[in-house]
Amino acid sequence: MNYKNRQELEEYFAENFHSSLFPILSEHYLLDGDLDRAERVCDIGLKLNKSSIIGLFLKARILMAKKDFIAVEQYLKKIISSDPGFLNALVLMLEVQSKLKQPKLIQKKYCEDILALDPSNLQAEKKLKELNKIHGTKKVITRKKLKHSSLDKRNKQNKKNSLANKSQNKKSVKRSKSSAVKNANPKIAKEKVKSSLQKNLGHSTFEISPNLATFTLVKVLRSQKLYDRALEVLSVMSRKDGVNKKKISQQKKSILSLIAKEGSM
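Taking our numbering, I'd label the letters of the sequence shown as residues 478 to 742.
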């Protein structure tokens with residue numbers, strides 16, 4: 478079957494509602510801007526394939542296009558709970574958290590989770606810098622407020638002491654100056670603890686759609702030393718039309734070489 482041919486997929490799906498290929502047809506409609514049909518196909522498919530991670534992700538993308546951000550968040554939470562290493566779901570979740578104006582700490586967590594899987598992800602890098610900049614500005618404002626507060630207290634105390642000296646005209650009283658508020662600004666240790674994402678990656682059910690099988694995903698899996706999964710992705714890619722078969726073969730040989738090398742150590 479030609480997955481790029483929408484008509485073929487429509488005819489196949491009409492006779493096979495239970496097929497796990499429903500996300501591909503749903504995505505055709507989504508990319509064509511036909512959100513109602515995209516959602517209808519997705520809903521039918523999910524009724525018969527409730528555990529389809531790719532189907533749930535398509536549903537989240539459709540709802541994102543409809544700007545139903547709260548519903549998108551719920552679907553993405555379910556996806557990430559089942560497969561913490563689903564990179565595209567994490568990236569979409571970061572976008573949703575920003576739309577919903579969720580707390581900065583939550584947004585930072587998703588940035589860090591994404592960068593743990595894909596260290597060169599530009600979207601997460603940019604967002605993290607933006608969040609750190611906002612956090613730094615708030616710290617400066619807080620320090621200024623503390624400084625002004627300390628000065629006000631000191632001025633009030635000096636005024637009281639001056640009035641007391643004038644009225645009593647007795648021996649001078651030792652004044653105790655309150656120590657200025659110290660704005661301790663300790664360096665926050667940025668320990669990179671191995672993410673639970675990476676641990677869970679090895680145990681979650683691995684289901685890869687042809688649309689998501691790319692050399693980028695292979696690279697990510699290799700960096701996590703999940704060689705068996707990287708080989709599965711390459712196997713899915715080899716069945717797609719218009720792919721670089723030579724590069725796939727080279728990648729397979731390279732991964733098998735790494736497996737043999739690590740096995741002999």
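For glycine and all other residues, C-beta sits at the position ideal for the given N, C-alpha and C.
Remember, predicted model here, so these are calculated numbers, not experimental data.
Residue 536 and residue 523 look like a contact to me (Cβ under 8 Å); what is the Cβ gap, rounded to whole Å? Locating residue 536 in the sequence shown gives position 59, counting from the first residue. Locating residue 523 in the sequence shown gives position 46, counting from the first residue. Sure, about 7 Å apart at Cβ, within 8 Å.
Secondary structure of residue 692, DSSP reduced to three states: Along the sequence shown, read from residue 1 onward, the residue named residue 692 stands at position 215. Looking at residue 692 - three-state DSSP - the assignment turns out to be helix.
Buried or exposed by the 16-neighbour rule on C-beta atoms within 10 Å, applied to residue 616: Taking the sequence shown and counting its residues from 1, one reaches residue 616 at position 139. Residue placement at residue 616 is poorly supported in this model, since its pLDDT is 48, which falls under 50; the coordinates are not used for a value here.
Report buried or exposed for residue 481, applying the criterion of at least 16 other Cβ atoms within 10 angstroms of its Cβ. Taking the first residue of the sequence shown as 1, we reach residue 481 at position 4. Classification of residue 481: exposed, given that the 10 Å Cβ count is below 16.
DSSP three-state call for residue 597: helix, strand or coil? Taking the sequence shown and counting its residues from 1, one reaches residue 597 at position 120. In the structure shown, residue 597 sits in coil (DSSP, three-state: anything other than H, G, I, E or B).
Just verifying my parser: in three-state terms, what is the DSSP assignment at residue 482? Position 5 of the sequence shown holds residue 482. Collapsing the DSSP output to three states places residue 482 in coil.
Tell me which residues share the same chain as residue 670 and place their Cβ nearer than 6 Å to its Cβ, disregarding the 5 neighbours each side in the sequence. Here the question's residue 670 lines up with position 193 in the sequence shown. Annotation note: pLDDT 29 at residue 670 (below 50); position unreliable, coordinate value reported separately. Nothing listed; no residue qualifies.
Considering residue 522, what are the terminal residues of the alpha helix (DSSP H) in which it resides? Here the question's residue 522 lines up with position 45 in the sequence shown. DSSP places residue 522 in the uninterrupted alpha helix (DSSP H) bounded by 512–525.
Based on Cα-Cα distance, which residue from 715, 603, 558 and 690 lies nearest to residue 575? Position 98 of the sequence shown holds residue 575. Checking every option, the nearest Cα to that of residue 575 belongs to 603.
Please report the distance separating the alpha-carbon of residue 577 from that of residue 738. For the purposes of this step, residue 577 is identified with residue 100 of the sequence shown, where counting begins at 1. For the purposes of this step, residue 738 is identified with residue 261 of the sequence shown, where counting begins at 1. The alpha-carbon of residue 577 is positioned some 47 Å away from that of residue 738.
Does the Cβ-Cβ distance between residue 539 and residue 507 come in under 7 Å? Your numbering for residue 539 matches position 62 in the sequence shown. Your numbering for residue 507 matches position 30 in the sequence shown. Yes, they are a contact pair.
Could you check if residue 586 belongs to the surroundings of the ligand ZN, using beta carbon to heavy atom distance under 6 Å? What this structure holds is no ligand at all, so the ligand ZN is not there to describe.
In terms of residue numbering, what span does the alpha helix (DSSP H) encompassing residue 546 cover? As a first step, residue 546 is located in the sequence shown; it is residue number 69 there, counting from the start. Counting along the chain, the alpha helix (DSSP H) containing residue 546 begins and ends at 546–559.
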